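Position in the sequence shown (first residue = 1) + 2 = this note's numbering. Accompanying notes for the structure given below.
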Amino acid sequence: MDYDPNPALGCSPAFDLGPYIGAALLGTFISMALWGIATMQLILFFASKHPGDSWRLKSLVVWVWAMDTIHKCLIMTGNYKDIVSGNAMNPRASGSRVMLVMQSFPSLVAVPVQAFFMYRIWRLPLAPCILFHFVMGFVLTAVNWIRRDNPNAIPRSIMVVRSLSPFLHQAIMS
3 MDYDPNPALG CSPAFDLGPY IGAALLGTFI SMALWGIATM QLILFFASKH PGDSWRLKSL
63 VVWVWAMDTI HKCLIMTGNY KDIVSGNAMN PRASGSRVML VMQSFPSLVA VPVQAFFMYR
123 IWRLPLAPCI LFHFVMGFVL TAVNWIRRDN PNAIPRSIMV VRSLSPFLHQ AIMS
């Protein structure tokens, strides 16, 4: 049975990744170098004695490093299987399960880190004020994105940022 794409069924031929394998492999190597730097930072973090660091912060650091390590292993496994098996050169090959699972790992790192940053911002003085300005920044960005045809959108956004920057500066410096 030969692969026959039928546009009526919504099928289309898969994309040939052959010309892009070198860039993906180079990206994997650069990612592994950055992982090595992060591992060194982890070792230095735990080697230095900081009694003020809570177990929650240490757990977050270990969690982020562990998820990043698993993510890197999945990237290497997926790239190796695709390159060695030749699936990357075959537009008719099905997607790798490893590559599908790999795509969920960045969110396992991003969600706890973003929650930690939001908690730290909340603990700043004038936290409700800062949180309000932060949320309003997203709201104004969304409104401006919806109304992209408005020529005054960018100057208005710059005006809002300029008017709120003294509050943020005062909250950070105090």
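Heads up, the beta-carbon is just placed ideally off N, CA and C, and yes, glycines get one too. In this text, all values refer to a predicted model and were calculated from it rather than measured experimentally.
For the alpha helix (DSSP H) holding residue 60, just list the boundary residues, first then last.
57-87
Quick check: is the beta carbon of residue 144 nearer than 9 Å to any beta carbon in chain D?
Here chain D cannot be found, since the structure has a single protein chain.
Residues in the same chain with beta-carbon distance under 8 Å from residue 3, minus the five sequence neighbours each way, listed in chain order, please.
Any reading at residue 3 must be qualified, since the residue scores a pLDDT of 42, below 50, and its modelled position is unreliable; the value itself is stated next. So no residue of the chain qualifies.
On the CB-based measure, 16 or more other CB atoms within 10 Å of its CB, does residue 73 come out buried or exposed?
buried
Could you compute how far the alpha carbon of residue 26 sits from the alpha carbon of residue 81?
Computed Cα separation, rounded: 8 Å.
So, is residue 120 buried or exposed, given that buried needs 16 or more other C-beta atoms within 10 angstroms?
Classification for residue 120: exposed.
In the DSSP assignment, find the unbroken alpha helix (DSSP H) run with residue 114 in it and report its ends.
107-124
Let me know the secondary structure DSSP gives residue 181 once reduced to three states.
Outside the modelled stretch of the chain, which goes from 3 to 176, sits residue 181, for which no answer is possible.
Taking buried to mean at least 16 other C-beta atoms within 10 Å of its own C-beta, is residue 70 buried or exposed?
buried
Leaving out five residues before and five after residue 63 in sequence, what residues of the same chain have Cβ atoms less than 7 Å from its Cβ?
44 and 47
Would you mind sorting residue 84 into buried or exposed? The rule is 16 or more other CB atoms within 10 Å of its CB.
buried
I need the DSSP call for residue 33, collapsed to helix, strand or coil.
helix
On the criterion of 16 or more Cβ atoms from any shown chain inside 10 Å, does residue 39 qualify as buried, or is it exposed?
Taking all protein chains shown into account, residue 39 has fewer than 16 neighbouring C-beta atoms within 10 Å of its C-beta and is therefore exposed.
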